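Data block below; observations after.
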Amino acid sequence: MATIIDSRNGIVIFITILISMVMMLLPLPDMARFFRPEWVLMTLIYWAMALPHRVSIGVAWLTGFTMDIIVGGELGVMAFSYALAIFIIARFHLQLRQYPLWQQAFTIFSVVLIVEVTDIMLTEKTGYWLSWMPVLTSTLLWPVMYAVLRKIRRGFQVT
């Protein structure tokens, strides 16, 4: 019985990460694509905060590497960025879980900012002002993302 529940838990986490990958790949108009939040990173952050024993640096690296392959960017850039972000979250997950949502949103701001800076430093992005918009949109959407993923986690009893 325990193995069935454990496998179901893993499947729920996998499906949420997969859905966030699909949301990152949805085509948007030229101007709107700059405002696309970091869905995958926010999903990884939530699971790393809620269940650090299930989602940690290895899962983040594998997810980032998969995104590198899907997007067609330089291999390892997203993998490194996601692993770095989840390392920070995993290190402070007990404190972060105690923060109110608005304070968590500022943490999300910092972590997504680190990911964007890393991405700009390791790729040929120019760093113009629109490339910073995912930091803002991810911060603003964090309370909604948190509520949705928390409801999923509690509904499917993911532990």
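Under this note's numbering, the first residue of the sequence shown is numbered 37, with each subsequent residue one higher. Glycine residues also receive a C-beta, built at the ideal position from the N, C-alpha and C atoms. The model shown is predicted, which means the values in this text are computed figures rather than measured ones.
| request: Pair every Cβ in the stretch 128-137 with every Cβ in the stretch 64-72, then say whether three or more of these pairs are closer than 8 Å. | output: no
| For alanine 96, which residues of its own chain have a beta-carbon under 6 Å away from its beta-carbon, when the five flanking residues on both sides are left out? | Leu80, Tyr118, Ala119, Ile122
| field | Beta-carbon spacing of tyrosine 82, leucine 177 below 8 Å | value | no
| Inter-residue CB distance, methionine 107 and leucine 158 (contact presumed, cutoff 8 Å) | First, the residue type needs correcting, since residue 107 is valine and not methionine in the sequence shown. In fact, because the Cβ distance is near 14 Å, the residues do not count as touching under 8 Å.
| Helix, strand or coil at valine 91 according to DSSP, with G and I counted as helix | coil
| field | Pair within 8 Å by beta-carbon distance, serine 92 and alanine 141 | value | no
| request: Let me know if serine 146 comes out buried or exposed under the rule of 16 or more other beta-carbons within 10 Å of its beta-carbon. | output: exposed
| said: Among Val194, Gly109, Leu98, Met57, whose alpha-carbon lies nearest the alpha-carbon of arginine 72? | reply: Met57
| CB-CB length for leucine 87 against valine 153, believed under 8 Å | About 27 Å separates the two Cβ atoms, so there is no contact after all.
| query | DSSP state of lysine 161, grouped into three classes? | reply | coil
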